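Each remark here refers to the structure printed beneath this line.
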Amino acid sequence: MLSSLPSIVGFVRPDIDWHAVAPELTLLGVGAVVTLLDIVLLERGRAYTSALAGIGLLMALIPIVTLAASGDTREMFGGAFVVDDFALILKAMFIVVAYIVVLLSTNYIAEGDYWENEYYGLLLASVMGMVLMASARDLVTIFVALELLSIPAYLMAAWRKADPRSNEAGLKYYLMGVFASAIMLYGMSLLFGLAGDTRLAAISTAVTEEGSNPVVILGIIFVIVGFAFKVSGFPFHTWAPDTYEGAPTPVTAFLAVASKAAGFVALMQLVHVGFPDAQDVYQPLLWILAVGSMTAGNLIALRQENIVRLMAYSGVSQAGFMLAPLAVAGDIGEEALSAVIIYVLIYAAMNLGAFAVIIAVARRTASGAISSYAGLFKYAPGMTILMSVFLFSLAGIPPLGGWFAKFAVFRAVVEADTGWGYSLAAIAAVNSVIALFYYAKVARMMWFEDTPEEADTTSIRVPPSLVAALGLTAAATLLFGIYPAVITHFTDGTLIALPY
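First residue of the sequence shown? That's 1027 in our numbering, and the numbers climb one at a time after it.
This is the structure we're talking about:
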């Protein structure tokens, strides 16, 4: 029996490429240090937590750079975990987004007298789930990564424990998230039962062989619907407005960008690797989700009077644009991946920037009402200019980054050269015009409305960490629009192609 132990151990613990998992291990190590700091130093550790989390995130970028420089595709666990160009560009995005969220959180959490160490530990755990998601090519790995990123996010949404709205936000997010996970897991179980394997490559083979088997259709629909909750696609978006409004604003920014992006990463892998030949099943469903999200998100956003709720419905609409290339992925292949990744990267910069301005302005007005932005240019011209940049970029106005994001989507759906693609392009064009109305409403309030007499019109003091976040996001938004080659160099379809 003892003689068989080495072979058993070798089966249970296969050789691990430590370089490939270095980003995840770095995040795990930094999270452990943050927790240890809390245990040892207690209250005294608060002064160091945000800096330690930020440094740890930057350290996690180092193995990503070295992996990219090696140029090798690395696989482990029978193809369940893959590190390739597709994974690396998304891992880098998640870590940079998390670093900016740390900058947004530094003063917000400290001044709110909230427990800091647990906050940053949860943030690092959620980011580790997202980084793992980028390499997942297996249903179990995808599900574990999704729960790892989601459970800390539920707690972070309810971080303001004395605020009933924050408790409501966390509870709604948790209940809807669990409901979505149950639906998605049931769909995954059907696909696993059909294929006898959890790896996406094996599922792809089984789906192709089974064709129009009702089990295949039901499994694919349930999985996509489960992820539609995660990306706040219409009509599965109902949790987003209340959660965004009630959660701490840095957490809202994190959910609106990183959590949404992680959902799209999983959808890209499933559509392109898991069931690429089931176009007749996923195409109508994704088309409906894309059109519904764009249209409903924009129409509801027109009536919003709260800036965070407006951004929530704007996020629903933006999710529709990101879903559009996936709806025609069967016709254009890797170009769909390229268009979605371009949109996700640019959306991250401009959306984080908008939330950074919202945090800065709320330090003075203590309000999320759009009316509180009246006359902002008279006492905070810098904030007004930056917010205008981010809003008009979200609307897709050249030469800001948002125009190229929308251009990538339009190019992808038109290149499909099908009725599905042309109809998506037409509907997206109409929705781009509608979106301009509510973004311009906020800009008009800032530039042309009079400041209320009772308003405090002294200059807004912006902490250095918030200035850094504003600078990084504004620079990226402008650079991506003026010189798109900066981003297309990394998102070319031939470079990020996922193997079938």
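Even for Gly, the Cβ is constructed at its ideal location relative to N, Cα and C.
As the structure is a prediction and not an experimental result, all values here were calculated from the model.
Count the other CB atoms, across all protein chains shown, that sit within 10 Å of the CB of residue i; report buried if there are 16 or more and exposed otherwise.
| i | result |
| --- | --- |
| F1463 | exposed |
| P1086 | Strictly speaking, residue 1086 in this sequence is Ala, with Pro absent from that position. It is buried - the Cβ of A1086 has at least 16 other Cβ atoms within 10 Å. |
| G1149 | Reading off the sequence shown, one finds Leu at residue 1149, where the question assumed Gly. So L1149 ends up on the buried side. |
| F1474 | exposed |
| K1286 | buried |
| H1263 | buried |
| D1306 | exposed |
| W1265 | buried |
| Y1509 | exposed |
| H1298 | buried |
| G1507 | buried |
| L1068 | exposed |
| I1126 | buried |
| I1121 | buried |
| T1092 | exposed |
| W1044 | exposed |
| V1456 | exposed |
Quick check on residue i: does DSSP put it in helix, strand or coil?
| i | result |
| --- | --- |
| E1101 | strand |
| R1225 | strand |
| N1133 | helix |
| A1527 | Because the chain is modelled from 1027 through 1526, residue 1527 falls outside the range shown and cannot be assessed. |
| A1162 | strand |
| N1324 | helix |
| T1520 | Residue placement at T1520 is flagged as unreliable, the pLDDT there being 47, under the threshold of 50; the coordinate-derived value follows with that caveat. The answer is coil: DSSP assigns T1520 none of H, G, I, E or B. |
| V1332 | Note on identity: in this sequence residue 1332 is Asn, with Val being the wrong assignment. N1332: strand per DSSP, three-state reduction. |
| A1438 | helix |
| L1062 | helix |
| L1450 | helix |
| A1282 | helix |
| K1598 | Shown here, the chain extends from 1027 to 1526; a query on residue 1598 therefore has no answer. |
| A1042 | Per the sequence presented here, residue 1042 reads as Ile, with Ala not at that position. Looking at I1042 - three-state DSSP - the assignment turns out to be coil, as it is neither helix nor strand. |
| P1510 | coil |
| R1072 | helix |
| A1287 | helix |
| R1487 | coil |
| F1301 | coil |
| P1049 | helix |
| P1276 | helix |
| T1477 | coil |
| F1037 | Bear in mind that the predicted position of F1037 carries a pLDDT of just 39, short of 50, making it unreliable; the figure below should be weighed with that in mind. Looking at F1037 - three-state DSSP - the assignment turns out to be helix. |
| L1426 | coil |
| T1264 | coil |
| D1443 | coil |
Let me check one thing: in DSSP terms, what residues is residue i bridge-paired to?
| i | result |
| --- | --- |
| A1395 | N1332 |
Does the ligand MG have a heavy atom nearer than 7 Å to the CB of residue i?
| i | result |
| --- | --- |
| R1335 | Because no ligand of any kind appears in the structure shown, any question about the ligand MG cannot be addressed here. |
> Of all the alpha helix (DSSP H) runs that stay within the bounds of the region 1075-1127, which reach a length of 4 or more residues?
Replying inline: Taken in chain order, no unbroken stretch of alpha helix (DSSP H) lies wholly in the region 1075-1127 with a span of 4 residues or more.
>> I'd like to know if the region 1195-1203 and the region 1218-1238 are in contact, where contact means that at least 3 CB-CB pairs between them fall below 8 Å.
In response: By the Cβ rule, the region 1195-1203 does not count as touching the region 1218-1238, because fewer than three pairs are nearer than 8 Å.
>> Quick check: the region 1155-1169 against the region 1100-1110, are at least 3 beta-carbon pairs closer than 8 Å?
In response: A contact is defined here as three or more CB-CB pairs under 8 Å, and the region 1100-1110 meets this definition with respect to the region 1155-1169.
> Taking three-plus beta-carbon pairs below 8 Å as touching, is the region 1313-1321 in contact with the region 1401-1415?
Replying inline: No: fewer than three Cβ pairs fall under 8 Å.
> Do the region 1354-1366 and the region 1442-1456 touch if we need at least three Cβ pairs shorter than 8 Å?
Replying inline: Yes: the two stretches touch, three or more of their Cβ pairs being nearer than 8 Å.
> Fully enclosed by the region 1215-1262, which alpha helix (DSSP H) runs are 4 residues long or longer?
Replying inline: 1226-1236, 1240-1256
> Is there contact here, the region 1409-1424 with the region 1321-1331, by at least three beta-carbon pairs under 8 Å?
Replying inline: no
> Counting only runs that start and end within the region 1337-1413, where is the alpha helix (DSSP H) found for 4 or more residues in a row?
Replying inline: 1355-1358, 1360-1391, 1402-1405
> Using 8 Å as the Cβ pair cut-off and three pairs as the minimum, do the region 1307-1314 and the region 1199-1216 touch?
Replying inline: no
> Counting pairs of Cβ atoms below 8 Å between the region 1372-1379 and the region 1391-1398, do you hit three or more?
Replying inline: no
>> Tell me whether the region 1382-1396 and the region 1339-1352 touch, counting them as touching only if at least three CB pairs, one residue from each stretch, are closer than 8 Å.
In response: When Cβ pairs closer than 8 Å are counted between the two stretches, the region 1382-1396 is seen not to touch the region 1339-1352, the count staying below three.
>> Would the region 1112-1120 count as touching the region 1484-1496 if we require 3 or more Cβ pairs under 8 Å?
In response: no
> Would you call the region 1175-1183 and the region 1270-1290 touching, i.e. three or more CB-CB distances under 8 Å?
Replying inline: yes
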